[in-house]
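Asks: Numbering (the UniProt record's numbering), first residue to last: 1 to 756. Can you read through this structure? Questions will come right after.
Following this line, the structure appears as structure tokens:
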């Protein structure tokens, strides 16, 4: 614990990485270390984040006494570009150490007397940090206008206590989720949470996962990647966490001071210590940079924090995954590398690896990439004397062409077996069973596959079944747990994983099912390999029985624990959860499952929140469209409008709830005003201060047509029992029939089914 915090201010309070990943390279160059001069040593007491060449953001309690008064600046030193805890460690060859000229504490900070509110401070260095690829500022500008959503994964770093109970010698980072106020309030100890979970704190962490922040981590930044510009922004500063007998409680969430809440305080210091202007660099070869909303040229003078977007010419790809860079960092500008020819093989499996050993999508391959291929069918093989690798040189793949030949007669393999028509996958929700919608009430012939949502997974790998299904569906899959708590425990333990697979086999054999759909919602980046291993084990065990393994995935794979390039090689198909684009976190109305983006949306929303956008992201990340089933929702979402007169898209709201299924929507809200959103190809309804986003036969047919036209596997319905099953508003199961109409499966509609 920092020296200035040694006085016990509350019985179970400790300013706070336990667990986490040891860093071997400087991945986050804005991480700073605050050292304090002791009698005979210099000790690491806190962390911080560089926000410009002279300013470091940290926690107020790191540099104050118990009453909130700033300590002498001469007692402190700050360092950057480090991987090791020790002051002037010889292994930190890129480190920079600076003295302080000023300690600026938020004027409202008074320690425990004010429940650690405004626990934020700015350190001013005497000299400037020299910016290079090891020392860079984190993004701060406009962070108060970036919406941090519940479930977003952030990164925190530090040198806190490691597993053995000692301070970590090496820098550690931890990826943790941002949590909602209600969820955190439930998980934090009552009295402690009531006292310290105040208005300027955000909550994040894991509950009972043995990962969290500890003494030594105070003051470090909590930063998130912004999907709009792919850059990291600082959203929090490590403040405090609930203690357990004087030590950190790594089973609990922790509290972070909201940077956005104190934006004006930090911005004042940045304005006061503004550094310099910057001259815009030359354009990269085979590309160019642009400045948003401004016409700029090389050599123009701009603020040093001006953001440049790098755009490559057609046929070239950026060498970095991040296409944005600041003017001051232009010496790190990525290059535009020539792309290799696209790889298109229908049933030949290919993987591509860069010169640096990184696996990439073969359609993103550049000079020096090596392609490795195999024949995806046991009846075919690579021709004798032919290598299974090809290198891309001078913009083309080396000879000979990639081919597979039939083992029996040596004929060349050209196309995989044609699917007679797109598939209809029906999710059957066990909750609806309790509402009276029984499997036998449904027309099973309208589904090629039915996923019966009824299995829940326990922490030891056992199965918990909600209800037996005696229906006569031709191909039926059981669905695994949607929860996030049990899967990591089971998948990460080989013994429990083996128990789980064995139990699944027994279960499917007992009830004569055809496979399993795994709905792990949502795997975190640290769980990527265990997620894949669980699926590999299931697929290997199922292979002799020809059972299916499918998955349901979140609508965007970015920054989550998916590896699309590997995932599609394991499973039979992927059910894309392309709905709930606007949820309870939304501050305004939005379509639950829009087909196309809206011009009313931000750039970020247009990138992610539509079926076209998310299906494009997934299908370019590894799986071809024929392996992806487009999800459609037979339910909607209600919002309460702030102003009943503003009832269009992006109208401000005060709250949100799940909408009923279609069978109730069409009956109970038939008198509401219906509006067709032609841009997004979706309807919505409103009545007084209520607003409803939903789907009807017209929008469902268009989504199915999109799946058919773009050669997707088919459509996954969530869920078939939420349709107008009993024909209260017209034909029975009308939405499901319009799925078939859009897919052009040949299923005939009765004249009475035409409900347009």
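We put the beta carbon where it would ideally sit given N, CA and C, even for glycine. Because the structure is a prediction, the values reported are computed rather than measured.
What are the start and end residues of the alpha helix (DSSP H) that includes residue 184?
Replies: In the chain shown, counting from the first residue as 1, residue 184 sits at position 184. It spans 181-187 - the alpha helix (DSSP H) in which residue 184 sits, taken as one unbroken run.
Asks: Which stretch, first to last residue, makes up the alpha helix (DSSP H) that contains residue 552?
Replies: On the chain shown, residue 552 is found 552 positions in, with the first residue counted as 1. Segment 548-554 is the beta strand (DSSP E) holding residue 552; no alpha helix (DSSP H) there.
Asks: Give me the Cα-Cα distance between residue 339 and residue 332, rounded to the nearest whole angstrom.
Replies: Numbered from 1 along the chain shown, position 339 holds the residue referred to as residue 339. Numbered from 1 along the chain shown, position 332 holds the residue referred to as residue 332. If I take the Cα positions, the gap works out to 21 Å.
Asks: Based on the DSSP output, what are the partners of residue 312 in its beta bridges?
Replies: Here residue 312 refers to the residue found at position 312 of the chain shown. Beta-bridge pairing links residue 312 to 287.
Asks: Would the region 114-130 and the region 250-270 be scored as touching if the rule is three or more Cβ pairs under 8 Å?
Replies: Yes, the region 114-130 touches the region 250-270.
Asks: Apart from the five residues on each side of it in sequence, which residues of its chain come closer than 8 Å, Cβ to Cβ, to residue 268?
Replies: Mapped onto the chain shown, residue 268 falls at position 268. Excluding sequence neighbours, residue 268 sits near nothing in its chain.
Asks: Thinking C-alpha only, which one of 182, 153, 314, 357 is nearest residue 341?
Replies: Taking the first residue of the chain shown as position 1, residue 341 is located at position 341. Cα-wise, what sits closest to residue 341 is 314.
Asks: Does the beta-carbon of residue 92 have 16 or more other beta-carbons within 10 angstroms, so that it is buried, or is it exposed?
Replies: Working through the chain shown from its first residue, we reach residue 92 at position 92. With 16 or more Cβ atoms within 10 Å of its Cβ, residue 92 is classed as buried.
Asks: Rounded to the nearest angstrom, what separates residue 527 and residue 563 at their Cα positions?
Replies: Counting from one through the chain shown, the residue named residue 527 turns up at place 527. Counting from one through the chain shown, the residue named residue 563 turns up at place 563. Their Cα atoms are separated by approximately 10 Å.
Asks: Of all the options 443, 257, 348, 54, which has the alpha carbon lying nearest to the alpha carbon of residue 272?
Replies: Start at 1 with the first residue of the chain shown, and residue 272 comes out as number 272. The option with the nearest alpha carbon to residue 272 is 54.
Asks: Who are the Cβ neighbours of residue 446 in its own chain at under 6 Å, not counting the five residues just before and after it?
Replies: Stepping through the chain shown from its first residue, residue 446 is reached at position 446. Counting only Cβ-Cβ distances below 6 Å, and skipping sequence neighbours, we find 736.
Asks: Count the other C-beta atoms from every protein chain shown that fall within 10 angstroms of the C-beta of residue 714, then say buried if there are 16 or more, exposed otherwise.
Replies: Position 714 of the chain shown, counting from 1, holds the residue named residue 714. With 16 or more Cβ atoms within 10 Å of its Cβ, residue 714 is classed as buried.
Asks: Counting only beta-carbon atoms, is residue 567 nearer than 9 Å to chain D?
Replies: Protein chains in the displayed structure number just one, and chain D is not present.
Asks: Quick check for students: name the residue ranges of the alpha helix (DSSP H) that lie wholly in the UniProt domain "Sushi" (350-406), counting only runs of 4 or more.
Replies: The UniProt domain "Sushi" (350-406) contains no whole alpha helix (DSSP H) run of 4 or more residues.
Asks: Could you name the residues of the same chain whose beta carbon sits closer than 6 Å to that of residue 89, not counting the 5 residues immediately before and after it, in chain order?
Replies: In the chain shown, the residue the question calls residue 89 occupies position 89. Closer than 6 Å at the Cβ level, and outside the excluded window around residue 89, lies no residue.
Asks: Any idea what DSSP makes of residue 263, helix, strand or coil?
Replies: On the chain shown, residue 263 is found 263 positions in, with the first residue counted as 1. Looking at residue 263 - three-state DSSP - the assignment turns out to be helix.
Asks: What runs of the beta strand (DSSP E), each 3 residues or longer, lie entirely inside the region 674-740?
Replies: Taking only runs of at least 3 residues, the beta strand (DSSP E) segments lying wholly in the region 674-740 are 682-687, 690-693, 714-718.
Asks: Please name the residue in 501, 556, 554, 555 whose C-alpha comes closest to that of residue 533.
Replies: As a first step, residue 533 must be located in the chain shown, where it is residue number 533. Of 501, 556, 554, 555, the residue nearest in Cα terms is 501.
Asks: With a threshold of 6 Å on Cβ separation, who are the neighbours of residue 426 within its own chain once the five nearest residues in sequence on each side are excluded?
Replies: Counting from 1 along the chain shown, the entry for residue 426 is found at position 426. If we look at residue 426 and ignore the five residues flanking it on each side, its Cβ neighbours are 447, 450, 717, 720.
Asks: Cβ atoms of residue 542 and residue 515: under 9 Å apart, would you say?
Replies: Within the chain shown, the letter at position 515 stands for residue 515. Within the chain shown, the letter at position 542 stands for residue 542. Contact: yes.
Asks: Once DSSP output is grouped into helix, strand and coil, what is the label at residue 470?
Replies: Mapped onto the chain shown, residue 470 falls at position 470. Note that residue 470 scores a pLDDT of 33, beneath 50, so its modelled location is shaky; the value from the coordinates is reported in the next line. Here residue 470 sits in coil by DSSP.
Asks: Report the rounded CA-to-CA distance for residue 630 versus residue 617, giving the unit in angstroms.
Replies: Within the chain shown, numbered from 1, the residue matching residue 630 stands at position 630. Within the chain shown, numbered from 1, the residue matching residue 617 stands at position 617. The straight-line gap from Cα to Cα measures roughly 13 Å.
Asks: For my contact list, residue 309 and residue 323 are in at a C-beta cut-off of 8 Å; report their separation, rounded to the angstrom.
Replies: The residue given as residue 309 occupies position 309 in the chain shown. The residue given as residue 323 occupies position 323 in the chain shown. About 6 Å; that satisfies the 8 Å criterion.
Asks: Could you work out which residue in 626, 229, 386 is closest to residue 602 when comparing CA atoms only?
Replies: Position 602 of the chain shown, counting from 1, holds the residue named residue 602. Closest by alpha carbon: 229.
Asks: Run the CB neighbour count on residue 172, radius 10 Å, all protein chains shown included, and call it buried at 16 or more, exposed below.
Replies: Position 172 of the chain shown holds residue 172. Classification for residue 172: buried.
Asks: Grouping DSSP H, G and I as helix and E and B as strand, with all else coil, what is residue 348?
Replies: Position 348 of the chain shown, counted from the first residue, corresponds to residue 348. Residue 348 falls in the strand class under three-state DSSP.
Asks: Kindly list the residues whose CB is nearer than 6 Å to the CB of residue 600, restricted to its own chain and excluding five residues on each side of it in sequence; keep chain order.
Replies: The residue given as residue 600 occupies position 600 in the chain shown. Once the five neighbours on either side are set aside, the close Cβ partners of residue 600 are 649, 650.
Asks: Once you ignore the five residues that flank residue 577 on each side, which residues in its own chain have a CB closer than 7 Å to its CB?
Replies: If you number the chain shown from 1, residue 577 lands on position 577. Excluding positions up to five away in sequence, the list reads 552, 553, 554, 555, 631.
Asks: Taking C-beta to C-beta, are residue 232 and residue 28 nearer than 9 Å?
Replies: Walking along the chain shown from the start, residue 232 turns up at place 232. Walking along the chain shown from the start, residue 28 turns up at place 28. Yes, Cβ-Cβ distance for residue 232 and residue 28 is below 9 Å.
Asks: If you run the structure through DSSP and keep just helix, strand and coil, what is residue 195?
Replies: Along the chain shown, one-based indexing puts residue 195 at 195. Helix at residue 195.
Asks: Where residue 598 and residue 681 are concerned, what is the direct C-alpha to C-alpha distance, given to the nearest angstrom?
Replies: For the purposes of this step, residue 598 is taken as the residue at position 598 of the chain shown. For the purposes of this step, residue 681 is taken as the residue at position 681 of the chain shown. Going from the Cα of residue 598 to the Cα of residue 681 covers about 10 Å.
Asks: Can you tell me whether residue 62 is helix, strand or coil according to DSSP?
Replies: Sequence index remark: in the chain shown, residue 62 carries index 62 (1-based). Residue 62: helix per DSSP, three-state reduction.
Asks: Is DSSP giving residue 533 helix, strand or coil here?
Replies: Numbered from 1 along the chain shown, position 533 holds the residue referred to as residue 533. Helix, per DSSP.
Asks: So what's residue 544 in DSSP terms, helix, strand or just coil?
Replies: Within the chain shown, numbered from 1, the residue matching residue 544 stands at position 544. Residue 544: helix per DSSP, three-state reduction.
Asks: Less than 9 Å separating the beta-carbons of residue 550 and residue 512?
Replies: The residue labelled residue 550 in the question sits at position 550 within the chain shown. The residue labelled residue 512 in the question sits at position 512 within the chain shown. Going by C-beta atoms, residue 550 is not nearer than 9 Å to residue 512.
Asks: Under DSSP, the alpha helix (DSSP H) around residue 507 begins and ends at which residues?
Replies: Taking the chain shown and counting its residues from 1, one reaches residue 507 at position 507. That run of the alpha helix (DSSP H) goes 494-511.
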